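**Q** Heads up: take any position in the sequence shown, counting from 1, add 1, and you land on this note's numbering. Backbone N, C-alpha and C define an ideal beta-carbon position, used for all residues, glycine too. Bear in mind the structure is a predicted one, so any value in this text is a computation, not a measurement.
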Amino acid sequence: MDLAFNTLISNLNAQIKALNDNNFKLYDAENREYFIDTIRYDKDEDKLVCEFKEDEE
């Protein structure tokens, strides 16, 4: 994968982590007990994919 693309994904994940650490989570609109944990690239489908995590609070 391209260095610039890896940097972009790392930057997005750092921002998501900072939001989550400060309890400012981005929730799934249809399943509100889950929030975005990370973003990853799926090379088989050539798509960015959000990984969600259940909010235990």
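1) Would you say C51 touches the ligand GTP, meaning its beta carbon is less than 8 Å from a heavy atom?
2) I'd like the span of the beta strand (DSSP E) that includes K54, first residue to last.
3) Hey, quick one: how far does the beta strand (DSSP E) through D38 stretch, first residue to last?
4) If you drop the 5 nearest sequence neighbours on each side, which residues of the same chain put their C-beta closer than 6 Å to that of R41?
5) Could you tell me whether any Cβ in chain B is nearer than 9 Å to the Cβ of F25?
**A** Working from what's here:
1) With respect to the ligand GTP, the structure offers nothing, as it holds no ligand at all.
2) Sequence index remark: in the sequence shown, residue 54 carries index 53 (1-based). For K54, the uninterrupted beta strand (DSSP E) segment begins and ends at K48 to E55.
3) Here the question's residue 38 lines up with position 37 in the sequence shown. It spans Y35 to D43 - the beta strand (DSSP E) in which D38 sits, taken as one unbroken run.
4) On the sequence shown, position 40 is the one that residue 41 refers to. Same-chain partners within the cutoff: V50.
5) Looking at the structure shown, chain B is missing, and only one protein chain is on hand.
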